[in-house]
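Reading through the structure tokens given below for one structure.
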Amino acid sequence: MNAYTTFVFEPLDWPAMEDAAGRLIGTRNFVSFCTRPIDQPRLIRTIDRLTITPCDRFRFIDFFARSFVRGMVRNIVGWLLSVGRGIHPPAVIDQLLAKTRKDQSVRPAPPQGLYLVKIWYDGDPMPGWFAPLPARADPADDEEIDE
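Numbering follows this note's numbering, in which position 66 of the sequence shown is assigned residue number 66; successive positions increment by one, without gaps.
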């Protein structure tokens, strides 16, 4: 199981992590959470849902989004873990979302335990527990990030 799970052995403040996760919901500039080439201008993404669910002695962190930028999920989980460890308050997420450059002060979460579970394509029926996503905006309308 070690190859398929990220283990954290110290206690974590789960309510603080849930608070921080809630701040990421919506359409945001995720530049602070991305591993990206300098020339990638489109870093605006929408997280529709981000949940932290207990299951026995494990926790599942699930992201539901139309698309991700390279490294985004691992970097977000790294920051959530730093909040859970008490290194940063949940409000650090608001500060990171306001930045226009990547913040590298927290390491990304390890890749073990990171899985792409399902892809829904346009026209696919969404599960009953999830509200349908709005029609896709024209990517040409995405905001550009000044370097």
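Every residue, glycine too, gets a C-beta built ideally from N, C-alpha and C.
Item: By the 10 Å Cβ neighbour count, where 16 or more other Cβ atoms means buried, how is L50 classified, buried or exposed?; Value: buried
Item: State the Cα-Cα distance for the pair I80 and T5, rounded to the nearest angstrom.; Value: A small correction: the amino acid at residue 80 is Leu; Ile does not occupy that position in the sequence shown. Cα to Cα, the separation comes out at about 16 Å.
Item: Are G46 and R66 close, meaning C-beta to C-beta below 7 Å?; Value: Per the sequence shown, residue 46 should be read as Thr rather than Gly. Going by C-beta atoms, T46 is nearer than 7 Å to R66.
Item: Using DSSP with H/G/I as helix, E/B as strand and the rest coil, what is L114?; Value: coil
Item: At the level of alpha carbons, what is the spacing between C55 and I61?; Value: 11 Å
Item: Where L133 and K118 are concerned, what is the direct C-alpha to C-alpha distance, given to the nearest angstrom?; Value: Low confidence applies to L133: its pLDDT is 42, below 50, so where it sits in the model is not reliable, and the reading given next is rough at best. Rounded to whole angstroms, L133 to K118 spans 15 Å at the Cα level.
Item: Just curious, the beta strand (DSSP E) that N75 is in, first and last residue?; Value: Segment 72-84 is the alpha helix (DSSP H) holding N75; no beta strand (DSSP E) there.
Item: Report the three-state DSSP secondary structure of L178 (helix, strand or coil).; Value: The structure shown does not extend to residue 178, since the chain spans only 1 to 147, so no value can be given for it.
Item: For I76, tell me which candidate among N2, A3, R28, P125 has the shortest Cα-Cα distance.; Value: R28
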